[in-house]
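Numbering-wise, the sequence shown is residues 151 to 1054 according to this note's numbering.
Note that beta-carbon positions come from the ideal geometry of N, C-alpha and C, so glycine has one too.
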Amino acid sequence: MTLYRPHFVAFGLLALAWLVGLPAALADLIGDKRFLWPQRPASETIALVEIDAPSLARIGVWPWPRRHHARLLEQLEAAGVTDILFDVDFSARSNPADDAAFAEALAKAGGSVVLATFQQRTGDLNRGVTLHVNRPLSEFAAHSWSAVVNVLPETDGLVRRYGLGARIGEFVPSFGALLVGRHDEQSPPFRIDFSIRTDTVPTVSYTAVLDGEPQALARLKGRKVIVAGTAVELGDRFNVPNGRVIPGSMLQLLAAESLLQGRDLQSTGLPLSIAGMLAILAAMVLLWRRTSARRRVAVVLWTAAALEIGALLTQAKWPVIADTSSWHLLLGAYLIAIALDEIDLRGLLRGIAERRFERIAMSLGDGLVCLNDQGRIVFWNPGAARIFGYSEDEALGRSFAECLADSQEFASPQFARLRDAAATQSADDHVLDLVGLRRTGERFALEASISSWQGADERQFGLVLRDITVKQRERERIRYLADHDDLTGLLNRHTLGERLAAEYEKGGASVSAVVLIGIDRFHHFSDIHGREFGDQLLVAFAERLLALMPPAAEAARFADDEFALLVPPERVAAVADSVAHDFESAALVFGKWRQRVTVRIGYAIAEPGWSADHMIGNAHLALEAAILTREERPMGFAAAMRDRIASQLALEAELRIAFEKNQFELFYQPQVLLSDRSVIGAEALIRWRHPVRGLVPPGQFIPVLNNSPLSDAVANWVLATACRQSRRWQMAGRPIRVGVNLSPSQLQGSDLPDIVAALLDETGLAPELLELEVTEDILIEDAKTAQKTFREIRARGVKIAFDDFGTGYGSLSYLKAFPLDTLKVDQTFVRHLMNDSGDAAIVRATIDLGRSLGLSIIAEGIEDAETANRLGGMGCDEGQGYYFSRPLPAAEFEQQFLVTRHVA
């Protein structure tokens, strides 16, 4: 058994690797790397017409009117293209004229056009998830062929394999298979040959074909053409081997090229892997006792190299991927078995005790020197070598006095006294201040802690050495960090205040003006792209700011996303305008990123009676005013800003009294099904009935309320009141969904799910009758926490609506990341729906997007019947606005809408 133990070990390690799935992962990794050589050109039989960024910029928001596709077909037919494949969704209707134009162009093409068919999941957690097939409209399908465009990534997220088609009722070939005429339903998926160079594929811009550019049309003549999106804005991008990301259209084209060039790769099977492992086993059994360990290692390494070279050459010549993963794992296991077979365990245990002290000493960052009773060096660690410049061989046996600038300092009488003191003191530790001498002759301050112990033959001494010059540099660094921002190198807020205070102490007209610059939505960028992106953006911003500063100015990082400049008073307006214009006109370029940022600027110029704190505070008030008003031009401080803050504080005090005296009440605005005008929901809206001023307009107090300490209490009151009212309607046999707007303060804690659950239990309200409305500014504060909170709430059956959709920066990403039921189209787009084609396109795209995600769509701000009818025709589910009703008190709402449940 001892003779065969290494082989059992090797195969045991191999079995463990199989259990954890290592062979499959290694096979994919090796197969991916083989695509790096040799590289193959494309056959140029197939060309790509790109829906690229320039085309989007010129034609407009996607999806485009289908008359453009009809015109493109005519140009391609005139250019002599053989086959045309559209990787575009034609499953939904657009306007009748454009659909008719495209159908006519397809008919004229005479069956040379292929349109995309694809499968996608639809539905949500409440209604269940189903598999939906998107097919071209019947009038399009009558004059074209159909091909499947779906591809499936593997478990690691990479696309490697490609099928020849899918059975969707009947067998439908895939894009790549149809391009080369392969319709074999029984053939398994093959591995795409990613060694085919994408830069050799003929490509032409969509607009170049649309304009009939002769050079572009000549490039397409006699070729098959894929028309598809390549712009980043359109998505449809896939991760492929070796860290690349390519558009879906290029993936389809590479699959077709693989078939066309006979490079539809297939992996070798399990029998060959087993045969290879048995051959390796037989060879190792024969070699084990006949050769040394070194020769066995060489044989293993050469075998691994030979196997991989052979597999690489085989794949280069034939469409075969040799699976060598199990062979490499077995060879690796044999390397471990060889190492284990050669270890001397007894010697290892014996050496552990002997080397323990040396390992600890060698790991110390400080220098450690051991001396014998005569002061000669018997141990010298790497730390000491770094300090003095002597290697261990050069230092051992040398007198330590030679390492000191004054050798008499460590002469025998003095050393003897220190030795005796160290030997007799119970603390066994003395600190010496010395002047060291490096090998180069450089003198430096040296601190040494001396201790002693009794060795086997004589007493020995240890010195822990520290180069104090390093400490001095650290102190300088600490002083630097006390005055500067570590990330950008600018002055910090504290130092800025000191510099300004010093100018005030000098007095006169030389006090600098303060300019504060804030990066708009910086935290949004950092949340989306990560902290590294945010840090590099700040560094690039600081560098740009330094380049814009006049010679007499100073710059500081005032806060996380705020910067400050101290500039001469006469230059403040010019500098502020220059900074605003520069960041407006050019994006920041840093690392691999390019980001355009918007800045908000506020400034203050010294006035009599101000202090440094007043100056900074007033500049910050100006900046806050610029942020609140979304003003892109610099704003100077004005006394009215302080008055506005004072009035806000007074209003805040009034709001507290209003809350305590129950002056708030809820009004309800109906939400109507556009198909039959039935009332199915209501949005609860807070109103303030002031005892003197009557109903106070919401715009006058809600912004102050949301930013006050009272916000959380009032928001919870609104939620509780709406739930109780909805429960009363439910008990009266008139159940209706009630929407409640959440405030930012409610998500700052972690108890919102508990509050909602307690209210549902207390009132007995059916969860589906409560809908919480959330806006993007609430989500961006802490996206991860918000996701967790809404998942817990939604798990109780409560619905979540995304309010004011389309007005923020990251709406699309939130649709994907957050659990939502309803999408509310913002009223700013709905109000101009009838006379603004841009707004109409946005509304239509929003409705289509929401429906594709399985969300209910409700449009806000409907003010006339024509708009309501137009929205219904677009596929919008629900509507809300003054056309149906203004917000009403609960009793009036019930009397007017819940008796008939219809809008008059």
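- Sorting 185, 255, 286, 329 by C-alpha distance to the C-alpha of residue 198 places 329 at the top.
- Contact between residue 833 and residue 819 holds: their C-beta atoms lie close to 5 Å from each other, under 8 Å.
- Runs of the alpha helix (DSSP H) lying entirely within the segment 807-877, each at least 4 residues long, are 848-856 in chain order.
- Residue 345 sits close to residue 188, with the two beta carbons spaced by under 8 Å.
- Contact check for residue 310 against residue 178 passes: the beta carbons are separated by less than 8 Å.
- Apart from the 5 residues on each side of it in sequence, residue 1025 sits with its Cβ closer than 7 Å to the Cβ of 997, 1001 in its chain, given in chain order.
- Counting other Cβ atoms within 10 Å of its Cβ, residue 979 reaches 16 or more and is therefore classed as buried.
- Secondary structure in the segment 984-1036: the beta strand (DSSP E) runs of 3 residues or longer, each lying completely within the stretch, are 1006-1009 in chain order.
- For residue 972, the enclosing beta strand (DSSP E) starts and ends at 972-975.
- Rounded to the nearest whole angstrom, the CA to CA distance from residue 945 to residue 242 is 33 Å.
- One thing to note: residue 326 has its Cβ within 8 Å of the Cβ of residue 402.
- The C-beta distance from residue 632 to residue 754 rounds to 26 Å, too long to meet the 8 Å contact threshold.
- The three-state reading of DSSP puts residue 400 in helix, counting H, G and I together.
- For residue 411, same chain residues with a beta-carbon under 8 Å away, outside a window of 5 residues either side, are 190, 193, 343, 346 in chain order.
- Here residue 300 is not near residue 239, since their CB atoms are 8 Å or more apart.
- The shortest C-alpha to C-alpha distance from residue 973 to any of 340, 987, 1007 is the one to 1007.
- In the DSSP assignment, residue 324 falls outside any beta strand (DSSP E) and carries neither an H nor an E.
- Using a Cβ distance threshold of 8 Å, residue 386 and residue 469 do not count as a contacting pair.
- Taken in chain order, the whole alpha helix (DSSP H) runs of length 4 or more contained in the segment 423-467 are 443-467.
- Where residue 249 is concerned, there is no enclosing beta strand (DSSP E), although the alpha helix (DSSP H) around it starts and stops at 246-259.
- Rounded to the nearest whole angstrom, the C-alpha separation of residue 408 and residue 321 is 21 Å.
- When the five nearest sequence neighbours on each side are left out, the beta carbons in the same chain lying within less than 7 Å of the beta carbon of residue 514 are those of 531, 533, in order along the chain.
- With respect to residue 640, residue 706 sits close: the two C-beta atoms are nearer than 8 Å.
- The residues 229, 230, 231, in chain order, have a CB closer than 8 Å to that of residue 371 in the same chain once the five nearest residues on each side in sequence are set aside.
- Its chain contains no residue whose beta carbon lies nearer than 6 Å to that of residue 825 once the 5 sequence neighbours on both sides are disregarded.
- Annotation for residue 533: the continuous alpha helix (DSSP H) segment containing it runs 532-538.
- Cβ contact annotation for residue 954 (same chain, cutoff 6 Å, sequence separation greater than five): 925, 976, in chain order.
- For residue 289, the closest alpha carbon among the candidates 252, 392, 323, 304 is that of 252.
- Within the same chain, 989 come within 7 Å of residue 982 by CB-CB distance, once the 5 residues on both sides are set aside.
- Classified as exposed, residue 269 has fewer than 16 neighbouring CB atoms from the shown chains inside 10 Å of its CB.
- Secondary structure at residue 949: strand, using DSSP grouped into helix, strand and coil.
- Taking C-beta separations shorter than 7 Å and ignoring five residues to either side along the sequence, the partners of residue 381 in its chain run 201, 202, 203, 206, following chain order.
- Annotation for residue 916: no alpha helix (DSSP H) segment contains it, and DSSP assigns it neither H nor E.
- Spanning the alpha carbons of residue 614 and residue 637 requires a straight line of approximately 35 Å.
- For residue 241, the secondary structure class from DSSP, reduced to helix, strand or coil, is coil.
- Under the three-state reduction of DSSP output, residue 621 falls in the helix class.
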